[in-house]
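Chemist: Below you will find the structure I want to go over with you.
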Amino acid sequence: MSKGFITLGINTEVNKIKYCYGLALSIKGCDPEAEVCLVVDKGKVDEVPKEYHHVLDYIVELPYGNTAYKDGFHGMNLWQLYHCSPFEENIYLDADTLMHNVKIEDLWNLLSKNEMSIPKNAFSYRNLPADPRMRFEFEETYELPQFYNNLIYWKHGTQTAEEWFKLADPILQDWRSVYNNFFQDKKPDTFNKNVLCNLITHYGDLKEQVQCFVGNHYDIHSDNQGVWYDEVPDNWTEMINYWVSDNGKVQIENSIISSGIIHYTDENFLTDEVIDVYRTNIINKQSRT
Numbered sequence: 004m005s006k007g008f009i010t011l012g013i014n015t016e017v018n019k020i021k022y023c024y025g026l027a028l029s030i031k032g033c034d035p036e037a038e039v040c041l042v043v044d045k046g047k048v049d050e051v052p053k054e055y056h057h058v059l060d061y062i063v064e065l066p067y068g069n070t071a072y073k074d075g076f077h078g079m080n081l082w083q084l085y086h087c088s089p090f091e092e093n094i095y096l097d098a099d100t101l102m103h104n105v106k107i108e109d110l111w112n113l114l115s116k117n118e119m120s121i122p123k124n125a126f127s128y129r130n131l132p133a134d135p136r137m138r139f140e141f142e143e144t145y146e147l148p149q150f151y152n153n154l155i156y157w158k159h160g161t162q163t164a165e166e167w168f169k170l171a172d173p174i175l176q177d178w179r180s181v182y183n184n185f186f187q188d189k190k191p192d193t194f195n196k197n198v199l200c201n202l203i204t205h206y207g208d209l210k211e212q213v214q215c216f217v218g219n220h221y222d223i224h225s226d227n228q229g230v231w232y233d234e235v236p237d238n239w240t241e242m243i244n245y246w247v248s249d250n251g252k253v254q255i256e257n258s259i260i261s262s263g264i265i266h267y268t269d270e271n272f273l274t275d276e277v278i279d280v281y282r283t284n285i286i287n288k289q290s291r292t
């Protein structure tokens, strides 16, 4: 059965696909044999820089085009990945993610215990359980599943995956109506993919079928580190120091992430220097084989 990683990259006024490139570099750094698929807007395959191709096994188009072209909320297209993935088993990752020192086969073995798996947990940069109180403000209020939908595993053709993605189509595309119908009091100010994915799981009554615990999953978001409450900046890199060592190990303040799936959330984190670290590691590994 074919399996691989899949991510969504849609360029706007800046090069968003470079984050997919950073992700692909980090995956190949963990396992050079792992396959990676980049999904782009219809008619945009040729716009993927040639220098990125060495870590992209597949580049495919959204089958129905970018349904978020008016709003710019590209997470609205997540439902289309089910219809264009070249793999039977898939691990979707948000583009603003890096993998370091992850045993890929162990990850597949863990996630494939379900027909579809979404993490119910994450760790902060301090290697402590992430604080859910602000990250899941709306889920807590409305008793929704509190899952981290930056990582989604599914096995194509299974009942759970079919049901989830069938619901994802209308909920993600018509998210404003969903907000108005579901949220009776406070609601998110704008499109929120994580909230909407948790609504999909809720409407499908699929919480028990998809939940899983991932022991090396990090969510480095300003809202759930357990130390930032007042005047939290939109970008955590504005407030704390971080380093990426020559082998890709991430250090934030005094804490080291020596192994993990790191959803860094702040695009300022992935500088050209960080990309160079992961690219150099790939080149060095290839030169030794």
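Read in order, the letters of the sequence shown correspond to residues 4 to 292 in our numbering. A virtual CB, placed ideally from N, CA and C, is assigned to each residue, including glycine. Since this is a predicted model, take the numbers as computed values, not measurements.
1) Does I243 come out as helix, strand or coil in the three-state DSSP assignment?
2) So for K47, helix, strand or coil by DSSP?
3) From T212 to H159, what does the alpha carbon distance come to, in whole angstroms?
4) Which same chain residues end up closer than 6 Å to N93 when comparing Cβ atoms and leaving out the 5 residues on each side of it in sequence?
5) With H, G and I counted as helix, E and B as strand and the rest as coil, what does DSSP make of N184?
6) Enumerate in chain order the residues of its own chain whose CB-to-CB distance from P191 is below 8 Å, with the five nearest sequence positions on each side excluded.
7) Is the separation between the beta-carbon of I174 and that of I155 shorter than 8 Å?
8) Here's a check: name, in chain order, each residue in its chain whose Cβ is nearer than 8 Å to the Cβ of E91, leaving out the five neighbours to either side.
9) Using 8 Å as the threshold, is the stretch 102–114 in touch with the stretch 162–173, meaning 3 or more CB pairs across them?
10) In terms of residues, what are the limits of the beta strand (DSSP E) holding Y156?
11) Using only the alpha-carbon positions, how far apart do G12 and I255 sit?
12) Expressed to the nearest angstrom, what Euclidean distance is found between the alpha-carbon atoms of K47 and W82?
Modeler: In this structure, then:
1) coil
2) coil
3) For clarity, residue 212 is Gln in the given sequence; the question names Thr instead. Each residue's Cα considered, the two are about 15 Å apart.
4) I9, W157
5) helix
6) F141, Y182, V198
7) no
8) M4, S5, K6, K158, H159, G160
9) no
10) 154–158
11) 27 Å
12) 19 Å
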